[in-house]
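The numbering used here puts the first residue of the sequence shown at 41, with every later residue one more than the last.
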Amino acid sequence: MKIAIIGYSGAGKSTLAEKLSNFYSIPKLHIDRLQFKPGWKDSNRDWILKKMKTFLSKHEDWVIDGNYTWCSYEERMEQADQIIF
């Protein structure tokens, strides 16, 4: 099962991803946690893309929350069995 969660800031994407990950016992990835370092400093985009691609290739099942159209968006949407907005 592959679940992509997208939506507005503050809509509860990360909370839902956490609950679904726990319920289905599948790995989760919060893109915000890759994007932002402590103090809300941006991470390097190449590093983020590498982490995303590694996560996608490593896990058969997953839940990923976040929009980030520059961050393997099309690949996530194509792979997702379910897209929640």
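For every residue, glycine included, the Cβ atom is placed at its ideal position computed from N, Cα and C.
Between which residues of its own chain and residue i is the CB-CB distance below 6 Å, once the five residues before and five after are set aside?
| i | result |
| --- | --- |
| PHE95 | LEU69 |
| GLN119 | LYS42 |
| SER54 | HIS70, ASP105 |
| ALA57 | ILE45, LYS68, VAL103, ASP105 |
| LYS91 | LEU74 |
List the endpoints of the continuous beta strand (DSSP E) containing residue i.
| i | result |
| --- | --- |
| TRP102 | 102-105 |
| ILE46 | No beta strand (DSSP E) contains ILE46, which DSSP labels as neither H nor E. |
Starting from residue i, trace the alpha helix (DSSP H) both ways and give me its first and last residue.
| i | result |
| --- | --- |
| ALA57 | 53-64 |
| ILE88 | 85-98 |
| MET117 | 113-119 |
What residues in its chain sit with their C-beta under 7 Å from that of residue i, if we drop five residues either side in the sequence?
| i | result |
| --- | --- |
| MET117 | ALA44, ILE123 |
| LEU60 | ILE43, VAL103 |
Apart from the five residues just before and just after residue i, which ones in its own chain have a Cβ nearer than 8 Å to its Cβ?
| i | result |
| --- | --- |
| SER83 | LEU74, GLN75, PHE76, LYS77 |
Do residue i and residue j have their C-beta atoms within less than 8 Å of each other?
| i | j | result |
| --- | --- | --- |
| LYS98 | SER112 | no |
| ASP101 | ILE66 | yes |
| PHE125 | GLY50 | no |
- Task: Flag this pair as touching only if the region 65-84 and the region 100-111 have three or more C-beta atom pairs under 8 Å; answer yes or no.
- Result: yes
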